[in-house]
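Structure first, then comments.
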């Protein structure tokens, strides 16, 4: 899978205004998205299954370890607690160099039946941190737009994978003390080698960027700020 992204940051004072702008532009109402993320670093190279044989061969010829994100929802759309939320594994790669109009990067995402291999004492992973995201999601054609904040739990638990998902943000603190929100616009394609599909996806994202001019400053961030590579010792 390949992702194309643009980002922005808005102050808390503009949050409601930006939501209204996005609702008008997308002609839709937002969906609440609250998720828990556990960040893991592999201690050795992992075999990752992806849909494209060519991409798989490319990864094998140039092995590189990337941070692993285990993500699960905190609540349903109705706000009910999910006692047994399914985890999904998300592995974003470092963005491609030389792309200046948007962020372009490979990624792997798969839903898991269990996470036992990540919490075994003899596991090949080390738990780095956990955090939660509190936000809203809009859909504009093939683009997913998220407006969210990162929230830190009151304590880091090594047994987090054995615990049910939190039911509230009580006791948590917003990572950015200013209260600012992040805006992420993302479009995905399954096969990067399909030039027609890739061109359509990037054109759609750049068109949305232009649509938001003067309201939301969607831009490219430094690729090294999104570097997810992990050094294997």
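Numbering (my numbering), first residue to last: 304 to 536. Don't be surprised by glycine CBs; every beta carbon is placed ideally from N, CA and C. Here the structure is a predicted model, which is why all the values come from computation and not from measurement.
- Task: Please go through the same chain and pick out, in chain order, the residues whose beta-carbon is closer than 7 Å to the beta-carbon of residue 331, but skip the five residues on each side of it.
- Result: 441, 442
- Taking the C-alpha atoms as reference points, what is the distance between residue 497 and residue 410? 16 Å
- Task: Report the rounded CA-to-CA distance for residue 396 versus residue 531, giving the unit in angstroms.
- Result: Cα-Cα distance, rounded: 6 Å.
- Query: What are the start and end residues of the alpha helix (DSSP H) that includes residue 511?
  - Reply: Run containing residue 511: 498-514, per the alpha helix (DSSP H) assignment.
- Message: If contacts are defined as beta-carbon pairs under 8 Å, then residue 485 and residue 451 qualify, I think. What distance do you get, rounded to the angstrom?
- Response: 6 Å
- Message: Between the alpha carbons of residue 338 and residue 326, how many angstroms are there, rounded?
- Response: 22 Å
- Apply the 10 Å Cβ neighbour rule to residue 367 and answer buried if 16 or more other Cβ atoms are within range, or exposed otherwise. Burial check for residue 367: the Cβ neighbour count within 10 Å stays below 16, so the residue is exposed.
- Item | Own chain partners of residue 355 with C-beta closer than 8 Å, once the 5 adjacent residues on each side are dropped | Below a pLDDT of 50, predicted positions are generally treated as unreliable, and residue 355, at 43, falls in that range; the measurement from the model is reported next regardless. In chain order, 493, 494, 495, 496 place their CB closer than 8 Å to the CB of residue 355, counting only its own chain and leaving out the 5 sequence neighbours on each side.
- Query: So which of 518, 460, 504, 329 has the shortest CA-CA distance to residue 434?
  - Reply: 460
- Beta carbon of residue 483, beta carbon of residue 320: below 7 Å? no
- residue 416, DSSP secondary structure in three states: Coil at residue 416, not helix or strand.
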